[in-house]
Amino acid sequence: MGDTRLIHRILTDDRVEKWRARCFWVNAPTALLALASFLLFHGEVFPQRWESFIALFQALCLIVLIGETVGVFVLARNLKEGWRQAPGDTLALLVGALMGLVLFVISPWGAAYLDESTTFTAFAYLTQAGLLSFVMVRLLRLLSFVTRLVQSPLHVFLGSFAGLILVGSGLLMLPGAHAPGQEVSFLDALFTATSATCVTGLTVVDTGTVWTRFGQLVIITLVQMGGLGIMTFAAFFGLAFGRGMGVKGAAAVGEVMNLDLIGRVGRVTVWILGTTMVCEGLGVFLLYGHWVDAAGNALPVGEQLYYSMFHSISAFCNAGFSLYSDSMVRYVGHWPVVLSLSWLVIMGGLGFTAIMEVTTFRFWAHPWARRVTFIKRKVKGQPIPRLSLQSKIILYMTVILLAVGTVGMLVFEWNYTLKSLDWDDKLAAALFQSMAARTAGFNSVDTPSTSTATQFWTILLMIVGGSPGSVAGGIKTTTFFVMILSVAATFSGRPTEAFRRRIPESLIRKSLVMLVLAMVFICTATLALCVTEAEHMAGEHYGFEHVLFEAASAFCTVGLSSGVSSELTPAGRIIIIACMYIGRIGPLTLVLAIGRKAQRRFEYPEENIMIG
Amino acid sequence: MRSWHRLWVRVRAMFRQMKPQNITALGFLSYIVLGVAALSLPFAHTGDVSLVDNLFTVTSAVSTTGLATVSTGDGYTFFGQLTILLLFQVGALGYMTLSSFVLLARKSKLPPGREKLMAAQFTLPKEFQIAVFLKQVIVFSLVIETLGAAILYVEFRAAGVSDAWWHAVFHSVSAFCTAGFSLNNDSLEAYRGNVAVNVTIAVLCYCGGLGFIVLVDAWRRVTRKGYRMTITSRLILLITAALLIVLTPVFTAIDPHIAYLPPSERWLAAAFQVMTAGTTAGFNTVPISQLGASTLFLITLLMVVGASPSGTGGGVKTTTVTALFAMCVSTLRGQRVPTLWGSEIPTERLHVAVSSMSLYVATLLLGIFCVGLTQGDITLGLFFECASALGTVGLSMGDTGNLTTGSKLVVIGLMFMGRIGPLTAGYAFVARRETLQLAQAQADLA
């Protein structure tokens, strides 16, 4: 009986393969057309009266796409087998239906159409939602197919971000993306798209007022995709719904998350996406109900959900986009918002490996827990769990940097910008600002009016940044830790070690290179900005420290602004765009992608050199 | 009498046991104390000069910085100015040199403890014989300073300066010691277009900044046949020349103030500015406060990089920066060991380079924050001032006179640290004796 099943399964696999291969060339263009029609419609390129035709067209596309899944089920000849062959597709269909309902609730048109032609609108939205999920899945599978063609995973990595930015800018240029009466130049759209994809958060136009709901959704999608890396999504969908990505694809995804993924792509990407969903969902739950408008009144239900979702994603991906023009200033003492956003930012900045290790840590087998007798019996034979060195460093540094940042902020700002607040509000503000400097970018005090000392302090915190393998930027806490350890070791004469492990020489050198590269890029950017902004600076609009702050904020993908972004000359904006891009992909990656490795099989003789 | 002798023996034993870095620091401190005492005498200054200001001037002189809270020309009499000159001459040569020379004059051999101290002071390769070297150093200094003074005397007299000879001597010695003290309130701005003055001062500064060893090395290259300079000397000369050649056109192009100068003065002014920042001298022919932000930033970077080791300049030293960059480039290229010009750089040196740079930056940041706290707020001028102090340069945007007492003390601390070098300070305070011997087994730290 088992053999028959096996044979049946192999034959089904083969048939499904052939069917899929044939469908690919129909489905891929259909998916692209459907996506284009969706985006262009909401981007208001097509006039409103074409709505019914567009809906019909999309329904047709959906039928074509569903046809493939139906075909799989037919070939499999029973439901269980069909589900095994195409679990993702079926799931996508169900999820699409669910998404349609949610969209319906939060859409601004939903309330208006509730009484008239409900059926048609419901139909339109269901179609669009289902189509969207299906289409995204198909397109991402297309991406994983593309990665096999490109030479190096590094180039895939670079290209994916560049592609995302360009597509994003194009979408933001659509008339439906900006509010009526607002003119947005291509440079502004490019700036915003880069800022979103590189999870920075610097803006030249106010997010809440200049972009429509559609534009804001484009921005937040860019944030989510840029934060995790579109390759991660591609890997996930490629594996779940298709043939996987191969070694090159895995390496490309590994580049994004700075992990070694060969052989483990599936598990890790599932984990990453799962954690993201859980954290962001929890964030929506925590943030719901706290949002107020300009007058201080609570927002209606749909708006609450939307604001929660937007800010939750923005916080977790350490972007820092906010729908309010003054970021989080009105919530400065509001502990629920402060704590929820802080928690989201920290979770996003911890890094997925650290999260994975902490959540799978077998606390009960730890020596401390074993002291309790009834536990001891159960875990007698199990090995003692250990956190890896990296996780230990990450946790240690996160706590220390938060504490140091908060204390510094309090010290410098006590009688300055925090003067008018009560002491617990002061603490909340300091904590928030310190957390924001860990490359998030929200601010609850007006950053330009803080003292220069605070700004310097913030710059230092920004440069250190978050943890490796997370969505944060900067040189990363581990690099900083290794550098400090190395300097201390030179004086104490002992080898570089931490937490009872020794750190290899090559790692110390790599840390140094990272630090030097970061400094070089920031200094070059600042210098270039000084040259392009010479007029503004001579006219006392802003000074050197503002320019330095902006460059550091862009490079470390933080998003705190000294207020000069909107006043920059076009050349200055391009420099900041370049900073954000290089900061996100990492200067080391950039240099490695450009350079070549030297092949040396001999060693030169040693000679001394004076250092002093 | 015997009890005095016993006391002397015990003191000497204590000194022998001290780390060389501690002795260096103590030496400078004792010079500062003497200097303050001398300048506090009523006939050293005209009008009222507070103790803190005197301390500031003396530390500035001994560390060859050049920052001044009191105008050197107006605030001090001839005696005061002479004291300042002696202080920075001595500071430049390093107190060890002088006392060793004095010792040399009596017996022509250095005791072994002193020899090691000398090496710590001067970063010598092993081939040099210290006694001979010392004599050459003193002779060179005097000869070059005299030549410089002669040329400057002619120019100053032609410009109609009263006491031209004293001005010439003062500025000549000040330039060679890369101190940057000037008897004019506006430094050398009056001589911006004067080619002779510019070139003389520049040559003097470079001689002082390049370092005795490099000069001697170059001299031997010129006078002996088939002599190859050490890799360090070649490196230093190359970097210095490169910085000058590359940055002069950059300054001319991007700085609004320099661009507005008449063409005859433009290049000279730009080159002089690069020179004065690169050798950490501290003279200026253009008012610093009027330079553009980009130029100021570049100057700050130059000040941090500093001059050459074993010269009279400050900063992290060009060789340290080069070693760090070589390490980065090698790592990026994928080489297992860092190389420079075909020779491998030992790991020990790289560690020292990294530590030196890190400590320097950390000290700078600490200084800026302290100044910010005492002064109320951090401005670009204060930032520049701190960088100038730590690099013992002496360029200022004009804030020196406005510093509060607390800030002056912080800046004094920075100047002191700049002279003895953060690395030396670190070793003096932190390291145990055994590690020091290990680190110095391969010799040569400045």
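Chains as they are written, first to last, in our numbering: chain X, -16 to 595; chain Y, 126 to 571.
C-beta atoms are modelled at their ideal positions from N, C-alpha and C, and glycine is treated no differently.
None of these values were measured; they are calculated from a predicted model.
- In the structure shown, X:Val(-1) adopts helical secondary structure according to DSSP, grouped into three states.
- Distance from X:Thr460 to X:Val447 at the Cβ level is roughly 6 Å; contact confirmed, criterion being Cβ atoms closer than 8 Å.
- The segment 500 to 510 of chain Y and the segment 169 to 188 of chain Y do not touch, with fewer than 3 CB-CB distances between them shorter than 8 Å.
- Residue burial is scored here from C-beta neighbours: Y:Asp380 has at least 16 other C-beta atoms within 10 angstroms and is therefore classed as buried.
- Only those residues of the segment 435 to 467 of chain X whose C-beta falls short of 9 Å from the nearest C-beta of chain Y are listed: Thr435, Ala436, Gln438, Phe439, Trp440, Leu443, Met466, Ile467.
- Relative to the Cα of X:Leu58, the nearest Cα in the group X:Arg(-8), X:Gly266, X:Arg121 belongs to X:Arg(-8).
- At a cut-off of 8 Å between beta carbons, Y:Val477 contacts chain X.
- Contact note: X:Glu528 reaches chain Y through Ile503, Thr504, Leu505, Phe508, using a C-beta cutoff of 9 Å and chain order.
- Ranked by how close their Cα comes to the Cα of X:Asp(-3), the residues X:Ser20, X:Ala42, X:Val55, X:Leu551 have X:Val55 in first place.
- Residue-level contact check: X:Phe474 touches chain Y, since one or more beta carbons of chain Y fall below 8 Å from its beta carbon.
- For X:Thr509, the chain Y residues whose C-beta falls within less than 8 Å of its own C-beta are Phe422, listed in chain order.
- Within its own chain, the residues whose Cβ lies closer than 7 Å to the Cβ of X:Glu64, once the five positions on either side in sequence are excluded, are Thr(-5), listed in chain order.
- Residue-level contact by beta carbon fails for Y:Leu369 and chain X, as no gap is shorter than 8 Å.
- Shown here, X:Ala281 sits in a strand according to DSSP, grouped into three states.
- The three-state reading of DSSP puts X:Val499 in helix, counting H, G and I together.
- For the pair X:Val382 and X:Leu401, the CB atoms are not nearer than the 8 Å cut-off.
- Boundaries of the alpha helix (DSSP H) around Y:Phe450: 443 to 458.
- Under the Cβ distance rule, X:Cys539 does not count among the residues neighbouring chain Y, no pair being separated by less than 8 Å.
- Note that the C-beta distance between X:Ile491 and X:Val465 is below 8 Å.
- Of Y:Thr444, Y:His296, Y:Val462, Y:Ser196, the smallest CA-CA separation from Y:Ser481 is found for Y:Thr444.
- Taking 8 Å as the threshold, the shortest C-beta distance from Y:Phe295 to chain X does not fall below it.
- With the criterion set as a beta carbon lying under 9 Å from some beta carbon of chain X, the members of the segment 396 to 427 of chain Y are Gly417, Ala418, Ser419, Thr420, Leu421, Phe422, Leu423, Leu426, in sequence order.
- In this chain, Y:His170 is not harboured by any alpha helix (DSSP H), its DSSP state being neither H nor E.
- Y:Leu427 sits close to Y:Gly403, with the two beta carbons spaced by under 8 Å.
- Under the Cβ criterion of 8 Å, Y:Met452 is counted among the residues facing chain X.
- Around the beta carbon of Y:Ser389, fewer than 16 other beta carbons sit within 10 angstroms, so the residue counts as exposed.
- Here Y:Cys330 is near Y:Met400, since their CB atoms are less than 8 Å apart.
- Between Y:Gly318 and Y:Leu207, the gap from beta carbon to beta carbon reaches 8 Å or more.
- With respect to chain X, the C-beta atom of Y:Phe494 has a partner C-beta closer than 8 Å.
- For X:Arg492, at least one C-beta of chain Y is nearer than 8 Å to its own C-beta.
- Counting along the chain, the unbroken alpha helix (DSSP H) around X:Thr381 starts and ends at 372 to 396.
- The Cβ atoms of X:Ala411 and X:Val284 lie no closer than 8 Å to each other.
- Counting along the chain, no alpha helix (DSSP H) covers Y:Asp288, and no H or E run does either.
- Take the alpha-carbon of X:Met208 and the one of Y:Ala186: they are about 59 Å apart.
- Y:Ile413: not part of any alpha helix (DSSP H); DSSP gives it neither H nor E.
- Among the CB atoms of chain X, none fall inside 8 Å of the CB of Y:Thr373.
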